[in-house]
Amino acid sequence: MRRTYHPVFESFGVDLVIQGHSHNYQRSYPLIFNEERYSEPIMTDKEQTQYRDPKGIIFVIAGTGGESVQPLNKKSFLASSYEGYGCINVEIKGKSLSVEYYSDTNDTIDKFMITKKPLYSNVDEKNEVQEIGYDEPTK
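Residue numbers for the sequence shown follow the numbering used here, so the first one is 1 and each next one is one higher.
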């Protein structure tokens with residue numbers, strides 16, 4: 001799966017992938033695909049919570065709503081992980097996307113934000129933004 005999807009995500013400029021399946025919570029640092037060692041992605045940033053135009057993809061596994069929770073095999077490319085029940089909240093405001101993971105007792109276990117920087121903006125004479133441009137994905 002890594003060999004198939006990761007290069008496609010990169011070519012379209014994907015910043016965040018949210019998935020389930022594993023019965024635990026995991027969040028990676030921004031990663032790029034390692035063609036030589038598929039199971040060892042390359043970390044591009046070791047920042048914990050604030051990512052501005054990340055140079056890689058952040059992967060979130062939020063599979064903690066099932067019948068059981070699976071133990072973690074913590075990898076070096078994980079920024080956060082949790083063995084317990086919970087859920088995520090994703091909020092998008094303008095050019096920022098924030099994710100918070102809450103335990104089943106409503107404790108905040110993890111949170112992070114991705115902010116996209118505009119490439120250009122047009123500002124009128126009243127200093128009001130009229131247009132903002134972002135990177136187009138490469139195909």
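C-beta: ideal position from N, C-alpha, C; glycine also.
Note that this is a predicted model, so its numbers are computed, not measured.
Query                                                                                                            : Result
Alpha carbon of residue 72 to alpha carbon of residue 110, nearest angstrom                                      : 16 Å
Identity of the residue in 13, 115 and 24 nearest residue 67 by Cα                                               : 24
Residue 61, buried or exposed, once every other Cβ within 10 Å from all chains shown has been counted against 16 : buried
Exposure of residue 38, with buried meaning 16 or more beta-carbon neighbours within 10 Å                        : exposed
Limits of the beta strand (DSSP E) - the one that residue 111 falls within                                       : 108-115
Where residue 105 falls, given that 16 or more other Cβ within 10 Å makes a residue buried                       : exposed
Range of the contiguous beta strand (DSSP E) that encloses residue 47                                            : Neither: residue 47 is in no beta strand (DSSP E) and is coded neither H nor E.
Between the CA atoms of residue 12 and residue 19 - distance to the nearest angstrom                             : 18 Å
Proximal residues to residue 51 (C-beta, below 6 Å), its chain only, five neighbours per side dropped            : 114
With 16 other Cβ atoms within 10 Å as the buried cut-off, status of residue 96                                   : exposed
Sub-8 Å separation of residue 28 and residue 58 beta-carbons                                                     : yes
Straight-line gap, residue 45 to residue 54 (C-alpha atoms, nearest Å)                                           : 8 Å
Boundaries of the beta strand (DSSP E) in which residue 59 is found, first to last residue                       : 58-62
Member of 22, 5 and 17 whose CA lies at the smallest distance from the CA of residue 34                          : 5
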